[in-house]
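Take the sequence shown: its position 76, counting from 1, is numbered 76 in the UniProt record's numbering, and each next residue is one higher.
Down below is the structure, laid out as structure tokens.
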Amino acid sequence: MALTIRPYRSGDEAGIIAVILPIQREEFAIDITTEDQPDLTDIEGFYGAGSGGFWVAEMDGRIVGTIALKEIGERQGALRKMFVAKPARGSAIGAGQQLLDTLLAHAAARGVTEVFLGTTEKFLAAHRFYEKNGFAAVDPASLPGRFPRMAVDTRFYRRSLV
Numbered sequence: 001m002a003l004t005i006r007p008y009r010s011g012d013e014a015g016i017i018a019v020i021l022p023i024q025r026e027e028f029a030i031d032i033t034t035e036d037q038p039d040l041t042d043i044e045g046f047y048g049a050g051s052g053g054f055w056v057a058e059m060d061g062r063i064v065g066t067i068a069l070k071e072i073g074e075r076q077g078a079l080r081k082m083f084v085a086k087p088a089r090g091s092a093i094g095a096g097q098q099l100l101d102t103l104l105a106h107a108a109a110r111g112v113t114e115v116f117l118g119t120t121e122k123f124l125a126a127h128r129f130y131e132k133n134g135f136a137a138v139d140p141a142s143l144p145g146r147f148p149r150m151a152v153d154t155r156f157y158r159r160s161l162v
């Protein structure tokens, strides 16, 4: 069960949606659809500009995790779409950590100095994960004006890369 982290490729959309939507809808009972997330059907257009990017974790040829960086200007980025399917979670496989490490290395190499993210109160394991990785909770009022807020996000984090 080798894990590979690689950049998004055209044609990955179905596998990406197959990871993200069940986590949102079934695990956390968030009433959201693919149509509510237009970035999932235009990944290159939404995440490909500037310092942005989108990566997937693959295990046995199947997408099991995702993470994205959206450039928001002023040398800042928004971490989005971090999802890992249950079979790839935990420190034994480390898909989440490898995805985050890939994004942060990419961001730093492209001159991003701050990364922001939004999540929900329900994602308690995610809160611990982000905090362990140097993210600090911030008041929503302190978010950059260009930060792409999702209606379901209620908790926000920031990490400095300098």
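Every residue, glycine too, gets a C-beta built ideally from N, C-alpha and C.
Alanine 109 and glycine 77: beta carbons closer than 7 Å? no
Quick one: Cα of aspartate 139 to Cα of glutamate 44, how far? 30 Å
Once you ignore the five residues that flank glutamate 5 on each side, which residues in its own chain have a CB closer than 7 Å to its CB? Checking the sequence, you will find isoleucine at residue 5 rather than glutamate. Contacts found: Trp55, Ala57, Gln98, Leu99, Thr102.
DSSP beta-bridge partners for phenylalanine 156? Gly118, Val138
In angstroms, rounded to a whole number, what distance separates the CA positions of threonine 66 and methionine 82? A direct Cα-to-Cα measurement between threonine 66 and methionine 82 gives close to 5 Å.
For proline 7, the residue or residues it bridges with in DSSP: Trp55
Going by beta-carbon coordinates alone, are phenylalanine 129 and arginine 158 separated by less than 7 Å? no
Determine whether the beta carbon atoms of aspartate 39 and phenylalanine 46 lie at a separation below 7 Å. Against a cut-off of 7 Å, the Cβ pair of phenylalanine 46 and aspartate 39 comes out as a contact.
Compare the beta carbon distance of arginine 80 and lysine 70 with 7 Å and say whether it is the shorter of the two. yes
Rounded to the nearest angstrom, how far is the Cβ of isoleucine 32 from that of glutamine 24, given a contact under 8 Å? 5 Å
Return yes when the Cβ of valine 112 is within less than 7 Å of the Cβ of leucine 161, no when it is not. Going by C-beta atoms, leucine 161 is nearer than 7 Å to valine 112.
Taking only the alpha-carbon atoms, compute the straight-line gap between proline 87 and isoleucine 93 and give it to the nearest angstrom. Taking the straight line joining both Cα atoms gives about 9 Å.
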